[in-house]
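So the protein sequences, as listed, match chains A and B. Residue numbering for the first sequence follows the working numbering, beginning at 1 and increasing consecutively. Residue numbering for the second sequence follows the working numbering, beginning at 1001 and increasing consecutively. Where is the CB? At the ideal position from N, CA and C, for every residue including glycine. So the structure is just underneath, and the comments pick up after that.
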Amino acid sequence: MKEETFLQLPVYIHEKGVESMRRVQSIICASLIVGSFMVNMFGCASKSVQSGGETQASRPETKSGAGQDLPDTSFSGRDSSGGLRGLDKNPSEERLGSGGSLMAKADPGSAGRQIEDIRAEQAAAAAGLRDVFFAFDSFAISEDGRQVLAHDAEWVKANPGAQVKIEGHCDERGTSAYNLVLGEKRAKAARNYLVELGVTPNHLSIVSYGKERPVCKEHAESCYAQNRRAHMLLRTGK
Amino acid sequence: MAFRAVVIISLCLSAGLVWIIESGAADVFLEATRPDFQKIPLGIVGIENIGGAESPEGRIRLGSRIEEVLKADVRRSLVFSLVDLSGIGGKVHHLGKTPDPSFKQAAEQGVSVIVWGKAGMKNEDKDADVNMEGYVYDAGSDEMVGGKRYAGSPSVVRLMAHRFADELVFRYTGEPGIARTKIAYVSEVGPARELFVMDYDGHDPRQVTADGFLNLMPRWSPDRRFLVFTAYRSRNTQDIDMIELATGKRWTLVSLSGLNITPALSPDGNFLAFSSSHEGNSELYRMDTRTKDMQRLTVNAAGDLSPSWSPSGREIAFTSDRSGGPQIFLMSADGSNVRRLTFEGDYNAAPAWSPRGNWIAYVCRSPKKDYKLCLISPDGQKRVQLTTGQGVDDSPSWSPDGRHLVFSSTADGRSQIYMINTDGKDLERITFTGTHNSAPTWSPAS
């Protein structure tokens, strides 16, 4: 009889269903499971969802390519009071500092690189290199795009000193991060097609700007269409 | 008896297991966002203006200014509910450190905490110190339980209110509060996009980088000293850099060919997870910040990006388009045990694991092609859409107390930064200037 009462108890208290029932049971049993909770709290979460069944190849470890010594970023957990000193019936005065006034340091090379970019853009326009445009959410080269790239490929092959930089751009829809990946896919699609047409790969470089450097800033499809592009820049190697 | 014991223990174990698994998903409802959560009723009598109480701007009196900031902090804490004390007899200019007799009457009407204080400058000199005192009456003990006295330059007036608010939250919850937290973000400066840091309420923005080109997607180090971010300093590649906020000193953490984006330091600060396309397409890597050894975590022909660590550091949520459009996946921090988390909709990206572990916020695309914020529990069982309306919402980031999200949205035209509670209430815009503010990321609590 006692057992039955116990089993009914959760239903009696909560009528919302299985989940509330489990929660009530959990509260009743909290003292019994507190030990296993401490041990399992993180481990169980990963077991609760089925695996997608993917296997991960293990790779040899490599270096990141950065050379300098880095400061120690390790963190052992914070003091939960966060530097607060608590209330006091006879509080002593606390002096508050403004927390410094860091002035951002301008990059002296920036202006020079900006001028280089403008020149490379002008050079591409002067050479008649054209941009490739893409459909929403897509990095597929359209029929129009193929014609543009065929024209661009002929020019690059005829000018072996030229270095073409292909910038991948996106419209403002979607996340900043995923659009960087999409922009790179667009730039790569354009580069790969140029290579298929016989352009030497080392005359081509790519970069993605995602949705961070739109040529048009209105919220309209006419504007979005202009931003979904592989944009050509040209360095003539002096 | 024996039978009963076995039944109870086995029931407890299974219920316990279920509870452990579901605890994440359930926690949020035990927190301040639960509909029946009882916020602590708190009344502010006032912060009296004393002395030559003119602010440096010469218009708003300091006490009133501090009171306004304090009220906003108390409201945003979601720990207290602000109650109107206008029916109560106590006048702030009569109060020293002793509570007014009328406070007991307020307590009987259900007010749990009453706060009062004064603030001002000792003289009219512009460089003079600002002083603030604040006191707290607790209905439970029917006395003044404590106070604070602050002094500092006029530039720290808001900080006084923030510190006092955090002391209140700490006194009543044992947690440090969020009023002194910061938000790092990207803002347009001329043709460039640079990193900035502002107070959590949008005040006091400070420029952190001035590269003149693109810096993107900052993330905090767990000790709040550094930001890691994607820097296009050289134009042709994107490095992952780290900057020390106190000094402006800068390091390059990752300098590989291709696209190096979405860095995220582990909760213990020992690993940097990031996405790099240097081996072909975007894959996730994990770098040991001490040895700089790098381990590849994902292996497939699709794009993998936007790692977000679970608070334990054992798991990583990320975006992958391996099944077509971008979706949220989870894996162990060594790259094993990969599984897809989101199945609703054809575009889900930018995951952010909550500091309490119980939710993952992300950007979900609605059937009408609006990009909104969604929440999903790590077991995939619960999913809610948090924001509605037009525009592109992006880059959700959690407050350290797990009660708010900050994000960017184009709902009002240009991209600006907004804050919202995890129950979808109290949507608040926090940036109002500039042509573009995006990629907000909330600092840990100090």
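For residue 1441 of chain B, the closest C-alpha among the options B/1197, B/1140 and B/1319 is that of B/1197. Within 10 angstroms of the beta-carbon of residue 1238 of chain B lie 16 or more other beta-carbons, which makes it buried. Residue 1355 of chain B has no beta-bridge partner at all, per DSSP. The Cβ atoms of residue 1045 of chain B and residue 1074 of chain B lie no closer than 8 angstroms to each other. Residue 215 of chain A is outside the set of residues whose beta carbon lies under 8 angstroms from a beta carbon in chain B.
Closer than 8 angstroms to the CB of residue 139 of chain A there is not a single CB belonging to chain B.
Taking 8 angstroms as the cut-off, the beta carbon of residue 1066 of chain B is found closer than this to the beta carbon of residue 1160 of chain B. For the stretch 1249-1282 of chain B, the beta-carbon criterion of a distance under 7 angstroms to any beta-carbon of chain A is satisfied by 1251, 1252, 1253, 1254, 1255, 1256, 1259, 1261, 1262, 1265, 1268, 1269, 1270, 1277 and 1282. Around the Cβ of residue 215 of chain A, a 10 Å sphere holds fewer than 16 other Cβ atoms; the residue is exposed.
The DSSP-derived three-state label of residue 1425 of chain B is coil. Within the stretch 73-91 of chain A, contact with chain B at the beta-carbon level (separation under 9 angstroms) is assigned to 73, 74, 75, 76, 77, 78, 79, 80, 81, 82, 83, 84, 85, 86, 87, 88, 89, 90 and 91.
Residue 1231 of chain B sits away from residue 1223 of chain B, with the two beta carbons spaced by 8 angstroms or more.
Distance from the CA of residue 143 of chain A to the CA of residue 192 of chain A, rounded to the nearest whole angstrom, comes to 15 angstroms. Exclusion of the five residues before and after residue 1103 of chain B leaves 1114 and 1137 as the residues of its chain whose Cβ lies within less than 6 angstroms of its Cβ.
Listed along chain B are 1235, each with a C-beta nearer than 7 angstroms to that of residue 117 of chain A.
Here DSSP, grouped into helix, strand and coil, assigns residue 1099 of chain B to coil.
Leaving aside the five residues that flank residue 1252 of chain B on each side, the residues in its chain whose CB is nearer than 6 angstroms to its CB run, in chain order, 1239 and 1241.
When DSSP states are grouped into helix, strand and coil, residue 1164 of chain B belongs to the helix group. Under the three-state reduction of DSSP output, residue 183 of chain A falls in the helix class. Residue 1394 of chain B counts as buried, since no fewer than 16 other beta carbons sit within 10 angstroms of its beta carbon.
Of the residues assessed, residue 1404 of chain B falls on the buried side of the cut-off, its CB having 16 or more other CB atoms within 10 angstroms. Distance from residue 1350 of chain B to residue 1396 of chain B at the Cβ level is roughly 7 angstroms; contact confirmed, criterion being Cβ atoms closer than 8 angstroms. Look at residue 1067 of chain B here: in three-state DSSP terms it is helix.
Close partners of residue 1217 of chain B in chain A (Cβ separation under 8 angstroms): 176 and 177. CA-CA distance, residue 1202 of chain B to residue 1118 of chain B, rounds to 25 angstroms.
Here residue 1271 of chain B is not near residue 1260 of chain B, since their CB atoms are 8 angstroms or more apart. No Cβ of chain B is located within less than 8 angstroms of the beta carbon of residue 228 of chain A. Taking a C-beta distance under 8 angstroms as the contact criterion, residue 132 of chain A and residue 145 of chain A qualify as a contact pair. Going by beta carbons, residue 153 of chain A and residue 236 of chain A fall outside the 8 angstroms limit.
Per DSSP, reduced to three states, the secondary structure at residue 216 of chain A is coil, with no helix or strand assignment. Straight-line measurement puts the Cα of residue 1431 of chain B at about 33 angstroms from the Cα of residue 72 of chain A. For residue 1369 of chain B, the three-state secondary structure derived from DSSP is coil.
According to DSSP, residue 1207 of chain B shares a beta bridge with B/1196. Nearest Cα to residue 1331 of chain B within the set B/1305, B/1207, B/1344 and B/1325: B/1305. Nearest C-alpha to residue 161 of chain A among A/127, A/148, A/189 and A/180: A/127.
The shortest C-alpha to C-alpha distance from residue 1214 of chain B to any of B/1187, B/1076, B/1204 and B/1206 is the one to B/1187.
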